[in-house]
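So for the sequence shown, the numbering used here puts the first residue at 92; every next one is plus one. Encoded as structure tokens, the structure appears first; notes follow it.
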Amino acid sequence: MPSLFSGSAFYDLYQPSQCPKRVWMLANQPDLAADDSAFRDLLFRRGRELELRHLAELEAELGPAARPVYPMGYFAAGHRETLSAVGNNAPVIYQAVLLDDTNRFLAIPDFLVLNPATGRYVIRDVKLAVNLDDHPEIRLQLGLYQAVMEAVLRYSPEVEVVTGDGAVTPFAPAGREELLAAVNRFNELRTAAESPYEPVGWSKCNPCVFRASCWDPAVAQRDVATVPHVDQGLCRKLRDLGICEFGQLHEFNEDDLAGLSRPWGRKQQRVGPVRAGKIKRQVDVLVTGNVMVESRPALPPGCAPGTRPVVIFDIENDVFDPELGVKVYLWGCLLAPPDGPPKPHLVVAGPGAEGDRQGWFDFLDLAERLFSEYADLPLIHYSAHEKTWVKNYVERYGDPRGVADRVQKNLWDMYACIQNSLFIPAPSYGLKSVESLVGFKRSQEEFGGLWSIITYDRYLNAAAESDAQAILDEILTYNTEDLLASLVVYEWLEAFCR
Ligand code: SF4
92 MPSLFSGSAF YDLYQPSQCP KRVWMLANQP DLAADDSAFR DLLFRRGREL ELRHLAELEA
152 ELGPAARPVY PMGYFAAGHR ETLSAVGNNA PVIYQAVLLD DTNRFLAIPD FLVLNPATGR
212 YVIRDVKLAV NLDDHPEIRL QLGLYQAVME AVLRYSPEVE VVTGDGAVTP FAPAGREELL
272 AAVNRFNELR TAAESPYEPV GWSKCNPCVF RASCWDPAVA QRDVATVPHV DQGLCRKLRD
332 LGICEFGQLH EFNEDDLAGL SRPWGRKQQR VGPVRAGKIK RQVDVLVTGN VMVESRPALP
392 PGCAPGTRPV VIFDIENDVF DPELGVKVYL WGCLLAPPDG PPKPHLVVAG PGAEGDRQGW
452 FDFLDLAERL FSEYADLPLI HYSAHEKTWV KNYVERYGDP RGVADRVQKN LWDMYACIQN
512 SLFIPAPSYG LKSVESLVGF KRSQEEFGGL WSIITYDRYL NAAAESDAQA ILDEILTYNT
572 EDLLASLVVY EWLEAFCR
């Protein structure tokens, strides 16, 4: 019997980033994958928590759910149990098991909920994600569930998703044609004799288990894909032209580069003179190792080099919170005063939704104190993340004293400033890359956004208070070093304004 295809397979293609090569690697070189069991375990537990909470709500409303019982892996037995529950018009079936007529496709939706008005079941699946538009794998997985259900029950069920914030939303999954194309592509990728060519990318490869096998060698080989401003379509085009190393791109004529057409979505698009100029200057700095000033950096309004006080602002998010969807669990500020050393002020949110609310208002209290002591000082952050989440928290809990409004007016994005004014000899303009360029050294060997989410999860689940405190100290050290790194980068940036 051919192996069963279940919708969860699509996650390999799209998570944590879209990459066909990962499908091939997982099927053919799984031993090269880094150990991500802690992260998988976190996702499983959080998803389970959300699922059980919804099960309790459904059972309170509709009575006990039917649960197919079958020996592990014997899906045909689970399928028979599910059909029996369907035949009995069970109001809710938890973890139904469905196999299509060909026995090739397996669907295990979290819930089938009977609609008494139509006498038909609705697929209801629980996801930690909040914004479903960003998740093609969910569209495909639920499209597969719908197609299998249709094959078994002879009608096409409606589909709903319970999102990470607990909302129940009607959902339009992938249609049959799109689904079959995706399944065929997936199978072709898995069984291909060789790994497909796939350009590396900083944000694409950074969270991937194969980073050490793809990104690190690409940097060592000076692959064109590691050049900022060179998009993935252009990498493919350059490769077709035999240009794989950025030294070759250095020799390439800028006008010819501007005239190249490369894949852009479903179309072809010329690189154009603006991007070509940026790429050439970027390659120049990578080859020479020197920073190039495109335009004098514009510091925060009212700030000249050396103006103090300033505040460095950095938050840590838990993007898999089973109650809120996304939770800011740490609001970090580093005050660089006119005199004396910089001083961190870190606000940690407590557990659950109540702790989330308390974290937000503690942060506003802190911001109010800083404004009352230093008037309108800038809050310097790195990337649009902080701006987005201050805005989201105003929507979530409000801003009764107008402090968040003042915070928003004083936010200043250093990442945008660096990107718009400098070319730097690094494969990314992200903080970790720029801080290492300017020589900042961290005390922790392991760090990063994913690490901090896993560590925060360890903190929440620590067995003893002393363990929790030790883990919290690790998180605080990480955030403080993010803040200090940002301050060092800011001082470095100021030097280009002198
Ligand atoms: S490291 Fe990058 S190129 Fe390699 S499999 Fe992962 S996402 Fe794809």
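Built from N, CA and C at the ideal position, the CB exists for glycine as well.
Taking 8 Å as the cut-off, does the CB of residue i come closer than this to any heavy atom belonging to ligand 1?
i, result
"Glu285", "no"
"Arg131", "no"
"Phe101", "no"
"Ser519", "no"
"Arg302", "yes"
"Glu407", "no"
"Arg113", "yes"
"Gly324", "no"
"Ser108", "yes"
"Cys588", "no"
"Val321", "no"
"Glu289", "yes"
"Trp503", "no"
"Gly292", "yes"
"Cys394", "no"
"Cys508", "no"
"Cys299", "yes"
"Cys296", "yes"
"Trp542", "no"
Within this structure, are the beta carbons of residue i and residue j separated by less than 9 Å?
i, j, result
"Pro413", "Gly138", "yes"
"Gly333", "Ala349", "no"
"Leu223", "Ala265", "no"
"Leu513", "Glu385", "yes"
"Thr571", "Leu437", "yes"
"Leu253", "His145", "Note that residue 253 corresponds to Val in the displayed sequence, not to Leu. Result yes, Cβ atoms of Val253 and His145 sit closer than 9 Å."
"Leu233", "Asp216", "yes"
"Gly380", "Trp355", "no"
Compare the Cα-Cα distances from residue i to each of the options and report the closest residue.
i, options, result
"Asp409", "Arg549, Gly521, Ala283", "Arg549"
"Leu190", "Glu148, Leu235, Pro207", "Leu235"
"Ala559", "Val439, Leu146, Val213", "Val439"
"Leu133", "Thr546, Glu152, Pro287, Leu244", "Thr546"
"Ala427", "Gln339, Val525, Leu575", "Leu575"
"Ala258", "Val274, Val374, Lys218", "Lys218"
"Gly88", "Tyr212, Pro155, Tyr165, Val221", "Residue coverage of the chain in this structure runs from 92 to 589, which leaves residue 88 outside it and unanswerable."
"Ala118", "Glu241, Leu270, Asn278", "Asn278"
"Leu431", "Lys371, Ile509, Arg399, Ala283", "According to the sequence as given, residue 431 is Gly; it is not Leu. Among Lys371, Ile509, Arg399, Ala283, the Cα nearest to that of Gly431 belongs to Arg399."
"Ile566", "Arg330, Ile406, Ser577", "Ile406"
"Arg487", "Gln373, Leu205, Val417, Asp331", "Val417"
"Asp467", "Asn483, Trp422, Val498, Trp451", "Val498"
"Arg171", "Pro182, Asn501, Arg158", "Arg158"
"Leu280", "Ala263, Gln120, Ala561", "Gln120"
"Lys369", "Gln360, Met383, Lys358, Gly356", "Met383"
"Cys296", "Tyr288, Pro287, Trp306", "Trp306"
"Leu340", "Asp375, Ile562, Arg357, Trp542", "Asp375"
"Leu104", "Val274, Asp322, Trp422", "Val274"
Under 8 Å: does the beta carbon of residue i sit that close to some heavy atom of ligand 2?
i, result
"Met163", "Absence of ligand 2 is noted for the structure shown, with ligand 1 being the only ligands found."
Which full runs of the beta strand (DSSP E) of 3+ residues lie inside the region 453–483, going along the chain? Listed in chain order, the complete beta strand (DSSP E) runs (minimum 3 residues) inside the region 453–483 are 470–472.
Evaluate contact between the region 107–122 and the region 288–303, counting only Cβ atoms and requiring at least three cross-stretch pairs below 8 Å. Output reads yes: the region 288–303 touches the region 107–122.
Contained alpha helix (DSSP H) runs [length at least 4] in the region 110–140, N- to C-terminal order: If we require 4 residues or more, the alpha helix (DSSP H) runs fully inside the region 110–140 come out as 111–119.
Given 8 Å as the limit, is there contact between the region 316–325 and the region 278–298, that is, 3 or more CB pairs closer than that? Three or more Cβ pairs drawn from the region 316–325 and the region 278–298 lie within less than 8 Å of each other, which places the two stretches in contact.
Hey, which unbroken runs of the beta strand (DSSP E) at 3 residues or more fall wholly within the region 254–318? Listed in chain order, the complete beta strand (DSSP E) runs (minimum 3 residues) inside the region 254–318 are 259–261.
When the Cβ atoms of the region 164–174 are set against those of the region 144–152, are three or more pairs found closer than 8 Å? The region 164–174, when compared against the region 144–152, does not touch it at the 8 Å Cβ threshold.
Go through the region 485–527 residue by residue and report every complete run of the alpha helix (DSSP H) that reaches 4 residues or more, in order. The qualifying runs are 494–501, 505–512.
Threshold first: 4 residues or longer. Then list the alpha helix (DSSP H) segments lying entirely within the region 319–347, N to C. For the region 319–347, whole alpha helix (DSSP H) runs of length 4 or above, ordered along the chain, are 323–331, 337–342.
Could you name each continuous beta strand (DSSP E) segment of 3 residues or more that falls completely within the region 350–431, going from the start of the chain to the end? Within the region 350–431, the complete beta strand (DSSP E) runs of at least 3 residues are 352–355, 358–361, 401–412, 416–427.
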